[in-house]
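The block underneath contains the structure these notes are about, expressed in structure tokens.
Chains as they are written, first to last, in my numbering: chain A, 202 to 311; chain B, 464 to 576.
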């Protein structure tokens, strides 16, 4: 099956800093999503981005499908940005669901 | 997000109990999913339903039994679980299998004693 690797696994930043999270995947994808998992376990949709670039406030994402990677940018970090960020992909017709990476654990210190 | 709801949010059960997890989506989607998130492991897919029909997934033990009575509701029936089944169980939905993103519920945190 498809492999998804996220880096870095852990990231500690001061409030106000910018960060870049990376997701590499081993095969072509039909679907790529970025999620933020809050401390209560809820997976919050950030982006649905199988290709191209999108922006939503302080967050933006870029997927270069031909090179099999995606980047999530967080600017002017706030303490509420802390949590685990997951990249997930679907390479088939949807019947295999999403394959998740292990996540990047982000801690924003005040 | 309130598009996908799950009940109960927390559940503690013994190994001989029978319980059910419920998921409801209010998004008009046609595909629903169960995922399991164990400590320090990536989320893993358990079951997929499309238009109320189950897409076969043979890697899940039979002590987990899904049910999809209609496109808005999904259940996960649990019986004779093991302590290693303790995990966060997440439900998701999507417009269909081929298009759009998946939207997740808040999860049920299950502890098996």
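Ideal Cβ placement from N, Cα and C applies to all residues, glycine included.
Exposed or buried, what is residue 511 of chain B when buried is set at 16 or more other beta-carbons lying within 10 Å of its beta-carbon? buried
Against chain B, with Cβ distances strictly below 8 Å, would residue 202 of chain A count as a contact? Residue 202 of chain A is outside the set of residues whose beta carbon lies under 8 Å from a beta carbon in chain B.
Select from the segment 509 to 529 of chain B all residues with a C-beta closer than 8 Å to any C-beta belonging to chain A, and list them in chain order. 511, 513, 518
Using 8 Å for Cβ pairs, my map puts residue 227 of chain A next to residue 204 of chain A. What's the rounded Cβ distance? 4 Å
Less than 8 Å between the C-beta atoms of residue 500 of chain B and residue 553 of chain B, yes or no? yes
What are the start and end residues of each continuous beta strand (DSSP E) run of 3 or more residues lying completely inside the segment 210 to 242 of chain A, in chain order? 211 to 215, 220 to 226, 232 to 238
Unbroken beta strand (DSSP E) run spanning residue 291 of chain A, endpoints: 284 to 291
Burial state of residue 221 of chain A, where buried means 16 or more other Cβ atoms lie within 10 Å: Around the CB of residue 221 of chain A, fewer than 16 other CB atoms lie within 10 Å, so the residue is classed as exposed.
Using only CA atoms, which one of B/559, B/570, B/575 lies nearest to residue 241 of chain A? Among B/559, B/570, B/575, the Cα nearest to that of residue 241 of chain A belongs to B/570.
If we call anything under 8 Å between Cβ atoms a contact, is residue 236 of chain A one with residue 289 of chain A? At the C-beta level, residue 236 of chain A and residue 289 of chain A come within 8 Å of one another.
Answer with buried or exposed for residue 211 of chain A, where buried requires no fewer than 16 other C-beta atoms within 10 angstroms of its C-beta. exposed
For residue 529 of chain B versus residue 541 of chain B, is the C-beta spacing smaller than 8 Å? no
Using a Cβ cut-off of 8 Å (strictly closer), state whether residue 491 of chain B contacts chain A. no
Give a yes or no on whether 8 Å exceeds the smallest Cβ distance from residue 301 of chain A to chain B. yes
Throw me the rounded Cβ distance for the residue 498 of chain B and residue 507 of chain B pair, which I believe falls under 8 Å. 7 Å
For residue 256 of chain A, decide whether its Cβ has a neighbour in chain B, counting only Cβ atoms nearer than 8 Å. Answer no: the Cβ-Cβ gap between residue 256 of chain A and chain B never drops below 8 Å.
Whole-angstrom distance between residue 299 of chain A and residue 486 of chain B, CA atom to CA atom: It is roughly 18 Å from the alpha-carbon of residue 486 of chain B to the alpha-carbon of residue 299 of chain A.
Can you tell me which residues form a DSSP beta bridge with residue 554 of chain B? B/497
Just curious, the beta strand (DSSP E) that residue 508 of chain B is in, first and last residue? 507 to 513
Listed from N- to C-terminal order along the chain, which residues in the segment 557 to 570 of chain B have their beta-carbon within a distance smaller than 9 Å of any beta-carbon of chain A? For the segment 557 to 570 of chain B, the residues whose beta carbon sits under 9 Å from a beta carbon of chain A are, in order, 557, 559, 560, 561, 562, 563, 564, 565, 566, 567, 568, 569, 570.
Out of B/504, B/559, B/535, B/491, state which residue places its alpha-carbon closest to the alpha-carbon of residue 549 of chain B. Considering only alpha carbons, the answer is B/504.
CB of residue 262 of chain A within 8 Å of CB of residue 229 of chain A, strictly: no
To which residues does DSSP link residue 307 of chain A through a beta bridge? BP columns for residue 307 of chain A point to A/212, A/284.
At a Cβ threshold of 8 Å, is residue 232 of chain A touching chain B? Chain B contact via Cβ: present.
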